[in-house]
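Engineer: Per this note's numbering, residue 1 is the first one in the sequence shown, and the count goes up by one each step.
Built from N, CA and C at the ideal position, the CB exists for glycine as well.
Take a look at this one; I'll ask things after.
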Amino acid sequence: TQSTCRSPRGARVVRFAKIVFLGAGIWGIAVLTPFYWLVDLTGRRYDPPTAHPHFFYGFFAVALAWQLAFLVISWSPVRFRALMIPAIVEKFGYVATLAMLRWEGRIAWVDAQSAIPDGLLGLLFILAFVRTRDLHFSR
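This is the structure we're talking about:
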């Protein structure tokens, strides 16, 4: 059965989704932004990012754009529910990439651990997506 965002259950679900996506957006901005100034740090274990600056800065630009999308979703989770699908893909795409690189021995375990927060957020995104399924947006 469908319910509006104004019902007690709907209000709880929307609040949960808002907190999840707002937290993800703020976390992502806080974690990603410093890398624009930490190019030297990331070049110590692998080829320096300056060898491929378009990939390095391109990755962070796209990742930061997704943090903004998470903030948009948090503003109105029911209205922007369809955006949760690519948000889930964004989180698990990164997790799968790091898992494969670790499996192939191309990155160290310590580097693969950076997938843990994204995996947890991906699970919360799925939960928010499922819980908002029966809600409909009302103006």
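Under a three-way DSSP split, which group does leucine 121 fall into?
Structural biologist: Looking at leucine 121 - three-state DSSP - the assignment turns out to be helix.
Engineer: Measuring CA to CA, which of Gly58, Trp66 and Lys18 is closest to isoleucine 29?
Structural biologist: Selected option, being the one with the closest Cα: Trp66.
Engineer: Let me know the secondary structure DSSP gives histidine 136 once reduced to three states.
Structural biologist: Three-state result, histidine 136: strand.
Engineer: Just checking my contact of phenylalanine 21 with arginine 131 at CB under 8 Å: how many whole Å lie between their CB atoms?
Structural biologist: Actually they are not in contact, since the Cβ atoms of phenylalanine 21 and arginine 131 sit about 12 Å apart, beyond 8 Å.
Engineer: For phenylalanine 70, which residues from the same chain have a beta carbon less than 6 Å from its beta carbon, with the 5 sequence-adjacent residues on both sides left out?
Structural biologist: The residues are Phe21, Ala24 and Gly25.
Engineer: Could you give the uninterrupted runs of the alpha helix (DSSP H) lying entirely in the stretch 49–131, keeping only those of 4 residues or more?
Structural biologist: Taking only runs of at least 4 residues, the alpha helix (DSSP H) segments lying wholly in the stretch 49–131 are 53–75, 84–103, 109–112 and 115–131.
Engineer: So, do the stretch 118–129 and the stretch 80–96 have three or more beta carbon pairs nearer to each other than 8 Å?
Structural biologist: Verdict: yes, contact present.
Engineer: Short of 8 Å in beta carbon distance, which residues of its chain neighbour valine 72, apart from the five on each side in sequence? Order them along the chain.
Structural biologist: Hits under 8 Å: Phe80 and Leu83.
Engineer: Between leucine 32 and the rest of its own chain, which residues show a CB-CB distance below 8 Å, the 5 nearest in sequence each way excluded?
Structural biologist: These residues qualify, in order along the chain: Phe60, Ala63, Leu64 and Gln67.
Engineer: Hey, out of Arg133, Ile116, Ala87 and Ile19, whose CA is closest to tryptophan 75's CA?
Structural biologist: For the residues Arg133, Ile116, Ala87 and Ile19, the minimum Cα distance to tryptophan 75 belongs to Ile19.
Engineer: Ordered along the chain, which non-local residues of its own chain (more than five positions away) have a Cβ less than 6 Å from that of proline 117?
Structural biologist: Excluding sequence neighbours, proline 117 sits near nothing in its chain.
Engineer: I need the boundaries of the alpha helix (DSSP H) containing phenylalanine 21, first residue and last residue.
Structural biologist: Unbroken alpha helix (DSSP H) run through phenylalanine 21: 8–32.
Engineer: For alanine 128 versus alanine 115, is the C-beta spacing smaller than 8 Å?
Structural biologist: No; because the gap between Cβ atoms is not below 8 Å, this pair is not in contact.
Engineer: Quick check on the burial criterion: 16 or more other C-beta atoms within 10 angstroms. Buried or exposed for phenylalanine 55?
Structural biologist: Result: exposed.
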